[in-house]
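Per this note's numbering, the very first residue in the sequence shown carries number 1; after that it's consecutive. Yeah, the Cβ is synthetic: ideal placement off N, Cα and C, and Gly gets one too. Keep in mind that this is a model prediction, so the values were computed, not measured.
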Amino acid sequence: MKYKMPDPNPIQYPAPQADILCFPQAYSADESAEIFELLKTDLDWQQAHITLYGRTVPIPRLQQWYGDSAYTYSRLHMPARPMTPLLSRLKHRAEHLTGFTYNSALCNLYRHERDSVAWHADDEAELGTNPAIASLSFGGDRIFQFKPKSGETLPFNINLQ
1 MKYKMPDPNP
11 IQYPAPQADI
21 LCFPQAYSAD
31 ESAEIFELLK
41 TDLDWQQAHI
51 TLYGRTVPIP
61 RLQQWYGDSA
71 YTYSRLHMPA
81 RPMTPLLSRL
91 KHRAEHLTGF
101 TYNSALCNLY
111 RHERDSVAWH
121 ADDEAELGTN
131 PAIASLSFGG
141 DRIFQFKPKS
151 GETLPFNINL
161 Q
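See the structure below:
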């Protein structure tokens, strides 16, 4: 599987307390569809559960963590597991585009429109003070929302296609 290199000129979005760069042509529609199908079958998707207000519930998506170190968020522990060859290729593409180095991947599979992720800050200590996060989206269109933790402004939306 060999993919063409995209236009390296990102769209920069103004956002308080964050630098947001978007590479809308990082993968063609055909490449994205192929990658999405491969990710669905190649990754070891898990249904995790969290406890909210004393009740244990499934999180509304499937997920898996890949990286050299374990990761914990919201008291959910995810053990280290080696990156797959496909994830390594996606990581290298993100590194080439952004100039940052990435060491892990939290993969989320949204099976339908009811699957989601809640507001969160990606501020766990193991991510460091100013973590560089590359978010790759394959499959259906989604609205990706950002808002400052202070809540002073309305959410900022990016339509991922």
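| Asked | Found |
| --- | --- |
| I'd like to know whether the C-beta atoms of PRO58 and ASP115 end up nearer to each other than 7 Å. | no |
| Which residues bound the beta strand (DSSP E) around LEU76? | 76-78 |
| Is the Cβ-Cβ distance between LEU181 and PHE144 less than 7 Å? | The displayed coordinates of the chain run from 1 to 161. Any statement about residue 181 would go beyond what the structure contains. |
| Identify the residues that DSSP records as bridge partners of ASN159: which are they? | ILE143 |
| Taking 6 Å as the cut-off, is the C-beta of LYS149 nearer than that to any heavy atom in the ligand ZN? | Although the ligand ZN was asked about, the structure shown includes no ligands whatsoever. |
| In chain order, which continuous runs of the beta strand (DSSP E) of length 3 or greater are located wholly inside the region 43-95? | 49-52, 55-58, 62-67, 71-73 and 76-78 |
| Decide if LYS91 is buried, meaning its Cβ has at least 16 other Cβ atoms within 10 Å, or exposed. | buried |
| Give me, in chain order, the residues of the same chain whose beta-carbon lies closer than 8 Å to that of THR56; leave out the 5 immediate sequence neighbours on both sides. | HIS49 and ILE50 |
| With a threshold of 6 Å on Cβ separation, who are the neighbours of ASN108 within its own chain once the five nearest residues in sequence on each side are excluded? | ARG61 and GLN63 |
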